[in-house]
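Residue numbers (the working numbering): 604 to 878. Glycine residues also receive a C-beta, built at the ideal position from the N, C-alpha and C atoms.
So, in structure tokens, the structure goes:
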């Protein structure tokens, strides 16, 4: 039986340009859609849940498609990923580690000001954007718990992080910089910090398990909980549910993350058996 060849793509200015090309192509398509509805049909759909969902899928989907069409296929390959499952203990450790980081993120994000000349107007924009997304609960859950984990993990871990690792960049640096990029694209300071910390865990899990399925499930877990908090408390915060002093979130998060991280990193012979 012959071996299946794979293309170990790397990242450089050419690949970055292709990803940006896909993003700008998506914005061009979206501008046409908005123009047709506004000037042709007299409807402003820019803030509608349906358009926001389409805009999100195109904005991430086209960069992925462009990377496949202009990087992998010209070399005779197709973009493909490892979606293998792992032993049960792996799931226990990575979900505990993720929940611990979510609590740490809760504490640290609450330290960022939401008022004043620097952050006040930004926070107002941020809350308005979140409110527009959360009007349609079903659309929000579909976007953040289904499409976001799938598309963002393919792009940021399956393409960007993997390309850095293939290029020979030190895994710690690759995980850090891919998480930094992941945080930066989320824009607002409150999202940036949470996304950066989330990206560190997702990158670590992807690197250790070599399975994109693991990071997709973790990402969906994080986003689904956030969506439920928004729906039932009108705020993406554990504090309104648990009513803990803020320092408790940090302590609980550090304990959960620290213990699960230790076993995840140092018990690899048990956790990462080949299947």
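TODO: For the region 661-713, list the alpha helix (DSSP H) runs that are entirely contained and at least 4 residues long, ordered along the chain.
DONE: 691-712
TODO: Can you give me the Cβ contacts of residue 742 inside the same chain, cut-off strictly under 6 Å, excluding the 5 residues immediately before and after it?
DONE: On the chain shown, residue 742 is found 139 positions in, with the first residue counted as 1. Around residue 742: 652 and 656.
- [ ] With DSSP as the reference, label residue 789 as helix, strand or coil.
- [x] Counting from one through the chain shown, the residue named residue 789 turns up at place 186. DSSP places residue 789 in coil when its eight states are reduced to three.
Open item on the list: Going by DSSP, what residue range makes up the alpha helix (DSSP H) through residue 849?
Closed with: Here the question's residue 849 lines up with position 246 in the chain shown. Per DSSP, residue 849 belongs to the alpha helix (DSSP H) from 849-869.
Task: 8 Å Cβ shell around residue 661 - same chain, five flanking residues per side excluded - done: If you number the chain shown from 1, residue 661 lands on position 58. For residue 661, where only same-chain residues beyond five positions count, the Cβ hits under 8 Å are 629, 632 and 633.
- [ ] Out of 622, 688 and 701, point me to the one whose CA is closest to residue 861's CA.
- [x] The residue you call residue 861 lines up with position 258 of the chain shown. When only C-alpha atoms are compared, the closest one is 701.
TODO: Return helix, strand or coil for residue 769, following the three-state DSSP convention.
DONE: As a working note, residue 769 is residue 166 in the chain shown. Residue state, collapsed to three classes: helix.
- [ ] Assign residue 635 to one of two classes, buried (16 or more other C-beta atoms within 10 Å of its C-beta) or exposed (fewer than that).
- [x] Position 32 of the chain shown, counting from 1, holds the residue named residue 635. Per the 10 Å Cβ criterion, exposed.
Task: Three-state secondary structure assigned by DSSP to residue 570 - done: The question about residue 570 has no answer, for the chain in this structure spans 604 to 878.
Task: Straight-line gap, residue 706 to residue 841 (C-alpha atoms, nearest Å) - done: Residue numbering aside, residue 706 sits at position 103 when the chain shown is read from its first letter. Residue numbering aside, residue 841 sits at position 238 when the chain shown is read from its first letter. So the two alpha carbons sit approximately 8 Å from each other.
Open item on the list: What does the alpha-carbon distance come out to for the pair residue 799 and residue 787?
Closed with: Here residue 799 corresponds to residue number 196 of the chain shown, with the count starting at 1. Here residue 787 corresponds to residue number 184 of the chain shown, with the count starting at 1. Taking the straight line from one Cα to the other gives about 8 Å.
Task: residue 667 vs residue 767 beta-carbon contact at 7 Å - done: Here residue 667 refers to the residue found at position 64 of the chain shown. Here residue 767 refers to the residue found at position 164 of the chain shown. No, the pair does not count as a contact, with Cβ atoms beyond the cut-off.
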